[in-house]
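In what follows, a structure is listed as structure tokens, so that the remarks can point back to it.
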Amino acid sequence: MSDGPGVVMRESGARGWWNLRGDGDEPRFRDGVAAVVGVSPPIEPCTWHAAGDRRAYWLGPDEWLLTAEHGTEFESPLRGALHGRCSIVDVSGAQILVNLSGAQAGEVLRKSSPYDFHPRRFPPGRCVQTNFAKATALVAANADASFDVVFRRSYADYLRGWIADAGREYGFLRGSLGTDHPTRRQRQPAQDDD
Amino acid sequence: MLLIPCPFCREDRSEEEFSCAGEAHIARPEKPAELSDHEWGDYLFMRTNPRGPHRELWVHTAGCRRYFNVLRDTVSYEVLVVYEVGQPPPDPPGGDES
Amino acid sequence: MHGFAGDTLASALLANGVSRVATSFKYGRPRGVVGHGAEEPNAIVQLGQGGASVPNLRATQVELYDGLDARPCSRSKAQRLAGTFGRFMPAGFYYKTFMGAPQRWTAGVARPTALWTASEHVLRRATGLGRVPAGNDPDTYDRFNRHCDVLVVGAGPAGLAAALEAARSGARILIADEQAELGGSLLDGSYSLGGEHASKWVADAVAELASSADVDLLPRSTVAGYYDHNFLTIVERRTDHLGLVAANGTRQRLHRVRAGQVVLATGAIERPLVFANNDRPGVMMASSVSSYLNRYAVAVGDELLLFTANDHAYRTALDWQRAGLAVAAVVDCREAPEGGLVDAVRGAGTRVITGHAVTEASGRRRVTGAMIAPLGPGADSLTAAPQHIACDVIACSGGWSPTLHLSSQTGTRPRWHESAVAFLPGDLGKRALCAGAVAGARSLRDCLEQGALAGATAASRAGFGSGRTTFTAPETDEPSQAPSRALFLVPHPKPVSRAPKQFVDFQLDVTAADIELAAREGYTSVEHVKRYTALGFGTDQGKLGNVNGVAILARTLDQDIATTGTTMFRPAYTPVTFGAIAGRDVGEFHDPERHTPMHAWHASHGAMWEDVGRWKRPWYYPRPGETMQDAVNRECLAARDAVAVLDASTLGKTDIQGTDAAEFLDRVYTIGFRKLAVGRCRYGLMLREDGTIFDDGVTARLAENRYLMHTTTGNAEAVFAWLERWHQTEWPELDVYLTSVTDHWATTALVGPESRAVLARVCDDIDLSRDAFRFMDVREGHVAGIAARVFRISFSGELSFEVNVCAQHGRQVWDAIVEAGGEFGITPYGTEAMHVLRAEKGFIIVGQDSDTTTTPHDAGMDWVVRRNKPFGFLGDRSLDVSDHRREDRLQLVGLATTDEDTVLPEGGQLVDKPEAEAPVPMAGHVTSSYHSARLGRSIALAMVKSGTTRLGDTLHCPLADGRTVSAKIVSPVFYDPDGERQNV
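Chains as they are written, first to last, in my numbering: chain E, -15 to 178; chain Y, 33 to 130; chain H, 35 to 1018.
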């Protein structure tokens, strides 16, 4: 056993978040989204795509959650790029993202959610919406074996406390992420297309 | 606690992520105004409640938020079939269907 | 007292010569340790004091630690109470005395008699099964979700073989066992495997499992419940063996396991033999005598008499001899037992008495001898008078009952197998297997081979391996075993009803005579007999007594055991602490609090809180020295006379987009939205399909194909699910998308005549003038430099602006508005003032003034219902059903009390003639009631039969204290009836 904390929770600063609805089977829709966001909406259920700091999480068969660095404007460029049935809603104020890393990050998830987070079932690139303690959350598996957990702002005080409590037995450390970055490593933001 | 295959997430998920929304295939009458009070009351309140295979409407509340239909045995609690809303109801399996 | 590391409380007590560990609950008889595991019915203890105290633990499963403090769960005061009149308490005593005798079941329902009600608290204490801990439990418990391909329950020989075989396939394995060490029965006996002591094989197996990837071992973990679809709960005792209060970490963890396959290797529990005074301390299970000797080095007495119906128990005689102790005799009820173990015992010079049974134990405080007599051929008579043999331990073995509790919990009925003389698990389907003694295996070799096969099969069903085993069972030294004899009740020279008590269920003092009496009184179903006699009702769920009880009932009814059947077992296998069930959902985590972005401001300004759904909302903000009424009066007057500010962020908000958004809204609201101009708002009422009010709120048209809907705070999620349901299931063709934006927006409601002036200080890009920004307009601009959407809507009747900004900036904008309002005396107000303000205006709160029977007409809201829409709307048809057109329905009215200072109680019942003879006809009830500071009097809203036609009538509200408050029916709009103040 190492002496370091088993679980590290780092909270992201303000980011842009959008809820996107539309027909993912329609190539023009996917291309339109990719052109603006730089990431195409994943069609495979329970997966997410990323390019730099921009991400598109699958939420449902016609629903995605997009995120990008704070201050990014997607709403009007997407309206310009997409035609037909679709909806784009700014939900930046509603989302809180925390990154859970450390050898026992998975144990915290197992204390919180009935979902199976075993690496065989939940490799990097997967994401899942599920119960999380007495709230719900979107959990995404990162390439660096850490997890991003996205939940509603009004539950943030409750869930921060819950996660800290669940992590305590493993050694828990709380930090923060860079303002614009959902993962620990700071990367060069991708070019905006608008 | 049931294990329910969500047809949209394409995974087996635990019952606590879902809510049951009652019997499926209760279609809203096209022209309510033309129904008698009795007929309208049947639509509002009367349900089959069978012993055995039962068509139910479920929603993946904590997951993809999509409604779908489940053919579930009310005796064994087996989930026999899940299918999307709008698809015709499968026949209750008489034999060993899968 | 002293013990050794590895001792249980029971083994330590026995080692210290404690033979009496409890006093029986009904008859007050001395009781000793009978078993060595979960089956123990007598040595039930409560550990510790105060909040940390834990009742209903089996001393046989309590690991010894320094300073352990235990007392029997049965208590002497209660015992004496029951003991004094115990012998007058036959089976069904409680039932007859307190529930009425069966003959009186005329209505088919047993009703508690008055005597029950009066005596219940005494008898509850007298039942003596533990005391509720006093105070909060200082320990921490939690829950843990687990998934595995194969869950192996039990780590005896079958379980270990199953886990080894399944693990070799690469499947994810979880193996749980209730004992501190893995090994199961191999820990208790003197078995050899592969020519060495079995403990070597166990150690090797555990080492292999521990080093395998994806294998988790859970010792000290009881699989308590087996639910649908292979969902099981496991209680892991993490620190119980170290002391009562964990120094740190989690004391117990409830694992919630979803298993692909389950292998039940739960073993078997030895069955007692039922004879007179078989409850005397010193009468024990044969395997338990061996376990205490082999595992704990405790001899439970000096001179052993073994009473058996099978070969296996001869091991106990051999163990006893090997320890250098005296064996008085082996009494075997079989006529001609033969087999390797029998020969070995005979060969050691021990007297084996065949065809005999122990008819009675002698001795009062503990066994001093046994009466034995030859059995007749049907085992229901004795062929000679009993003889006495001196001994101080009677080790019994009536056979083995498979531990089928978990299989039974799945709903599978156990089946009686005549050849096995046991109930075996029924068909477990394709997701579970049984292996080893639970499946009827009787030899160690069979247990190992069955376990390996079950492990391979389970892994293969879960998608790992071929299903063929690679396992080669190690050599065992087992001689062949002859069949055992079915003996469930040893005859006595006296008939059962007159013989000394022959105990079937030790914990609840149920005797063979009780079961016969129940049958004589007409109880023929085993489930009814269980409830009448309390057989199997204890915390041990009849682990020892069940089969004997069923067999005695069968014999009394003259039917076979298969026909009689067994009772079903339900979770939990052994008692589970409430702490483990609650986990971390206690204290601050019990009910999650939702907070708005301005929460910290409210807290630092002394807000008192009201829970609305899961939200914490400021209720009122008392200043030093103010009562609640003072504060609410001040807040209300600020809103009416100057300016006040409310955090309205909790309102439900849904973004609605699509070319059919207007059509969708038309269908779900009573009012139309098609013609609503962009930038305008409209109030809507949402009905259930039965025509009753479901929700209300203001919806704004933001663009041609985009709306924002407000819902009530408490109903937000239900409304959103309701809308999605209709869209997804009935109207998928509509081009409309719904997105919840409740958490995205922070809403500051600026209310009062000065609100325009305050907003003007922090907003310079929206024309706030009366004609440019009308009542029910929505505008976009910036407030305090932050992009904002401002609604001119009002829930108070005053000039009002609701400023919405992205929640990231919510606090910042709130602060700016409060600062800008400083010179106007801006006053924060809470939900109580909000309620008073709206009640003064006669605005309803859905769910408070309305209930699930209230139609728009009942609430006086026909003005918001459009019956001429092309599609109609949800609930439309129900408005015409005959019951909804009745004229004597409850209708919304205002009430003005005769005494202006008396505030009616909300929920108070209203009557026309309070002096009328009971039952007094009800005229209605009060739904909202407040003191109005603005009006200087009490106001109330009420639902009153035919209320709208009764304006001016006087009603009366009788109070609990005997007073009656009278009030006049008035219009529900108490203030500014023409709505002029919000249009300034």
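From the three backbone atoms N, C-alpha and C, an ideal C-beta is built for every residue, glycine too. As the structure is a computational prediction, the values presented were derived from the model and not from experiment.
Under 8 Å between C-beta atoms of residue i and residue j
i                : j               : result
P306 of chain H  : L578 of chain H : yes
V538 of chain H  : G572 of chain H : no
F907 of chain H  : D769 of chain H : no
R98 of chain Y   : G6 of chain E   : no
A782 of chain H  : D675 of chain H : According to the sequence as given, residue 782 of chain H is Thr; it is not Ala. Their beta carbons are not under 8 Å apart, which means T782 of chain H does not touch D675 of chain H by this criterion.
S703 of chain H  : G718 of chain H : Correcting the residue type first, residue 703 of chain H is Tyr in the shown sequence and not Ser. Yes. Within cutoff.
V(-9) of chain E : L93 of chain E  : no
C991 of chain H  : T983 of chain H : no
P85 of chain Y   : L67 of chain Y  : no
R254 of chain H  : T174 of chain H : no
Exposure of residue i, with buried meaning 16 or more beta-carbon neighbours within 10 Å
i               : result
Q443 of chain H : buried
G445 of chain H : exposed
F612 of chain H : exposed
M662 of chain H : exposed
F101 of chain E : buried
R398 of chain H : exposed
Q172 of chain E : In this prediction, Q172 of chain E scores a pLDDT of 37, lower than 50, which makes its location untrustworthy; the coordinate-derived value is nonetheless stated afterwards. That one is exposed.
F40 of chain Y  : buried
D274 of chain H : buried
R708 of chain H : exposed
Strand pairing of residue i, partner residues [DSSP]
i                : result
M720 of chain H  : H:D729
W32 of chain E   : E:Y41
F457 of chain H  : H:W450
A407 of chain H  : H:A391
L772 of chain H  : H:I690
W2 of chain E    : E:L50 and E:D74
G928 of chain H  : H:L975 and H:V1004
P106 of chain H  : H:V79
E1031 of chain H : Because chain H is modelled from 35 through 1018, residue 1031 of chain H falls outside the range shown and cannot be assessed.
M743 of chain H  : H:T688 and H:T733
Simplified DSSP state of residue i, which is helix, strand or coil
i               : result
L35 of chain Y  : strand
K903 of chain H : coil
C481 of chain H : helix
R42 of chain Y  : coil
L149 of chain H : For L149 of chain H, the predicted structure reports a pLDDT of 47, less than 50, and the residue's modelled location is therefore unreliable. A value from the coordinates is still provided. Reduced to three states, the DSSP call for L149 of chain H is helix.
C182 of chain H : strand
D37 of chain E  : coil
G692 of chain H : coil
L784 of chain H : strand
T503 of chain H : coil
V334 of chain H : coil
Y154 of chain E : helix
W765 of chain H : coil
N580 of chain H : helix
Y139 of chain E : helix
L47 of chain H  : helix
N264 of chain H : helix
E940 of chain H : coil
Any non-hydrogen atom of the ligand NAP within 7 Å of residue i CB
i                 : result
G(-12) of chain E : No copy of the ligand NAP occurs in the structure displayed, which carries no ligand at all.
Report task. Starting from the N-terminal side, write out each stretch of the beta strand (DSSP E) that is 3 residues or longer and does not extend beyond the segment 268 to 318 of chain H. Result -> Taking only runs of at least 3 residues, the beta strand (DSSP E) segments lying wholly in the segment 268 to 318 of chain H are 286 to 298 and 302 to 304.
Quick one: which unbroken beta strand (DSSP E) runs of 3-plus residues sit fully inside the segment 44 to 90 of chain E? Chain order, please.
The segment 44 to 90 of chain E contains these whole beta strand (DSSP E) runs: 47 to 53, 70 to 74 and 79 to 85.
Q: Run through the segment 859 to 887 of chain H for me and flag every whole alpha helix (DSSP H) of 4 or more residues, listed as ranges in chain order.
A: Along the length of the segment 859 to 887 of chain H, whole alpha helix (DSSP H) runs at least 4 residues long occupy 865 to 874, reported in chain order.
Taking only runs that begin and end inside the segment 57 to 95 of chain Y, name each unbroken alpha helix (DSSP H) of 4 or more residues, in chain order. The alpha helix (DSSP H) runs lying completely inside the segment 57 to 95 of chain Y and spanning 4 residues or more are 69 to 77, given in chain order.
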